[in-house]
Amino acid sequence: MPQPTDLLQGTLDVLILKTLALEPMHGWGIAQRIQQVSKNVFQIGQGSLYPALHRLEYKGWIQADWGESENNRRAKYYSLTRTGKKQLQAEVESWDRLAAAVALVLEQG
Amino acid sequence: MLKEFLTGLRFLLADRSHAEVDEELQFHLKQLIEANIQAGMSAAEARRQAAIAFGALERVREECHEQRPGYWLETLCQDARYAIRGFRRNPTFSLTVVLTFMLGIGSTTAVFSVVDRILFRSLPYSNSDRLVSVGLIAPIEPQEFMLGDRTMSGRITKSRL
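Line by line, the protein sequences give chains U and V.
In case it helps, our numbering puts the first sequence at residues 1 to 109.
In case it helps, our numbering puts the second sequence at residues 110 to 270.
Rendered as structure tokens:
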């Protein structure tokens with residue numbers, strides 16, 4: 001099992017928002033998708049995934065609806081709301097700024 | 110901003126049930142078991158590994174609950190109830206606390222209301238900075254200007270004789 005690293009606070013939120021921007025998905029699907037796309041770098045435990053999902057829902061950035069999963073189970077599907085879309089854009093921008101700034105500092109000299 | 114507040118208010122009033130969170134987590138667990146089976150584990154082993162990977166269900170449930178908007182209010186109410194129970198259990202202590210607060214607040218208010226009028230507020234007249242006080246300043250010490258001269262003391266001695 002890989003060593004768990006501390007994600008920068010709030011990073012998981014933007015990853016979830018981005019994943020949900022593609023299509024509505026249930027918690028399991030979100031975790032799988034992020035793991036695949038990040039080439040197994042991010043393995044999101046349910047211990048942080050579900051609290052994050054609920055937090056985002058409480059903020060009104062995503063909304064949850066019960067639906068049928070691929071294998072005909074009742075599953076909670078999350079989708080991005082309009083505020084969520086705006087939030088995603090803002091978060092991506094601020095992440096870009098942060099990443100660029102860190103890169104500048106690390107590459108000096 | 111307003112929208113976020115309204116969403117928060119909506120969730121504050123109508124909380125999701127525990128069963129709903131449970132069902133969501135159970136779905137995740139079942140998917141995990143299925144994935145393990147597809148990876149070639151036996152059903153029992155898949156279940157076991159999934160349970161290990163999933164960790165403590167109660168903790169996740171708790172943390173989900175802690176995300177809800179009114180959570181701090183909930184803990185605040187719990188703390189308040191706990192404090193009140195404590196007071197009821199120990200009336201002498203609570204009475205002492207109440208008395209201390211009463212005296213403390215009362216004396217501070219009294220002193221401040223005087224000091225405030227005297228030192229901080231401007232006088233209730235126009236041009237109060239031009240107000241002057243007129244009066245005589247007399248020394249308190251009555252002996253200050255008494256010059257003991259010889260004739261005087263001579264007279265005293267005479268009259269005594």
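Idealized CB from N, CA, C, for every residue including glycine.
Quantities reported herein were computed from a predicted structural model and do not represent experimental measurements.
Quiz item: Where Arg55 of chain U and Gln176 of chain V are concerned, what is the direct C-alpha to C-alpha distance, given to the nearest angstrom?
Solution: So the two alpha carbons sit approximately 5 Å from each other.
Practice problem: Could you check how far apart the C-beta atoms of His26 of chain U and Tyr58 of chain U are, in whole angstroms? I think they sit under 8 Å. | Solution: Not really, about 18 Å apart at Cβ, beyond 8 Å.
Practice problem: Using the DSSP secondary-structure output, state which residues sit across from His26 of chain U in a beta bridge. | Solution: U:Tyr77
Practice problem: Compute the Euclidean distance between the alpha carbons of Leu12 of chain U and Glu183 of chain V, then round it to the nearest angstrom. | Solution: Cα-Cα distance, rounded: 26 Å.
Practice problem: Would you mind giving the Cβ-Cβ distance between Ala21 of chain U and Leu88 of chain U, rounded to the nearest angstrom? I have them listed as a contact below 8 Å. | Solution: 6 Å
Practice problem: Please check if any C-beta of chain U sits within less than 8 Å of the C-beta of His127 of chain V. | Solution: no
Exercise. Give me the Cα-Cα distance between Asp65 of chain U and Leu80 of chain U, rounded to the nearest whole angstrom.
Key: 11 Å
Self-check item: Heavy atom of the ligand HEM within 7 Å of Gly215 of chain V beta-carbon
Solution: In the structure on display, the ligand HEM does not appear, and there are no ligands present to speak of.
Quiz prompt | Element boundaries [alpha helix (DSSP H), containing Glu68 of chain U] | solution = Where Glu68 of chain U is concerned, there is no enclosing alpha helix (DSSP H), although the beta strand (DSSP E) it sits in stretches over Ile62 to Glu68.
Exercise. Inspect the beta-carbon positions of Gly29 of chain U and Val169 of chain V and report whether they are closer than 8 Å.
Key: Cβ distance not < 8 Å, so Gly29 of chain U and Val169 of chain V don't count as in contact.
Quiz prompt | Contact set for Leu52 of chain U: own chain, Cβ-Cβ below 7 Å, skip 5 residues either direction | solution = Correcting the residue identity first, residue 52 of chain U is Ala in this sequence and not Leu. Taken in chain order, the residues that qualify are Leu12, Asp13 and Ile16.
Practice problem: Please work out which residues of its chain come closer than 7 Å, Cβ to Cβ, to Ala100 of chain U, disregarding the five sequence neighbours upstream and downstream, and give them in chain order. | Solution: none
Quiz item: Could you give the C-beta distance for Ala75 of chain U and Phe163 of chain V, rounded to a whole number, given that I count them as a contact under 8 Å?
Solution: The Cβ separation is near 16 Å, so there is no contact.
Quiz item: Terminal residues of the continuous alpha helix (DSSP H) containing Met211 of chain V?
Solution: Pro200 to Val224
Practice problem: With a threshold of 16 other CB atoms inside 10 Å of the CB of Ser268 of chain V, please say whether the residue is buried or exposed. | Solution: Unreliable positioning characterises Ser268 of chain V in this predicted model, as indicated by a pLDDT of 48, which lies under 50. The coordinate reading is nonetheless provided below. Only exposed fits Ser268 of chain V, as fewer than 16 other CB atoms lie within 10 angstroms of its CB.
Quiz item: How would you write the range of the alpha helix (DSSP H) that Asp96 of chain U sits in, first residue to last?
Solution: Arg82 to Leu106
Quiz item: Is it the case that the Cβ atoms of Ser272 of chain V and Phe196 of chain V are separated by a distance below 8 Å?
Solution: Only positions 110 to 270 of chain V appear in this structure, which leaves residue 272 of chain V out of reach.
Quiz item: In the structure shown, what three-state DSSP assignment does Ile142 of chain V receive?
Solution: helix
Quiz item: Is the shortest distance between the beta-carbon of Thr184 of chain V and the beta-carbons of chain U less than 8 Å?
Solution: no
Practice problem: Taking 8 Å as the cut-off, decide whether the C-beta atoms of Leu138 of chain V and Ala159 of chain V are in contact. | Solution: yes
Practice problem: With 8 Å as the threshold, decide whether the Cβ of Trp28 of chain U is near any Cβ in chain V. | Solution: Cβ-Cβ to chain V under 8 Å: yes for Trp28 of chain U.
Exercise. Alpha carbon to alpha carbon, how far is Tyr191 of chain V from Ser69 of chain U? Give it in angstroms, no decimals.
Key: Separation of Ser69 of chain U and Tyr191 of chain V (C-alpha to C-alpha, rounded to the nearest whole angstrom) is 44 Å.
Practice problem: Give the residues of chain U in contact with Gly117 of chain V, contact being defined as C-beta atoms less than 8 Å apart. | Solution: Within 8 Å Cβ-Cβ: Tyr58, Lys59 and Gly60.
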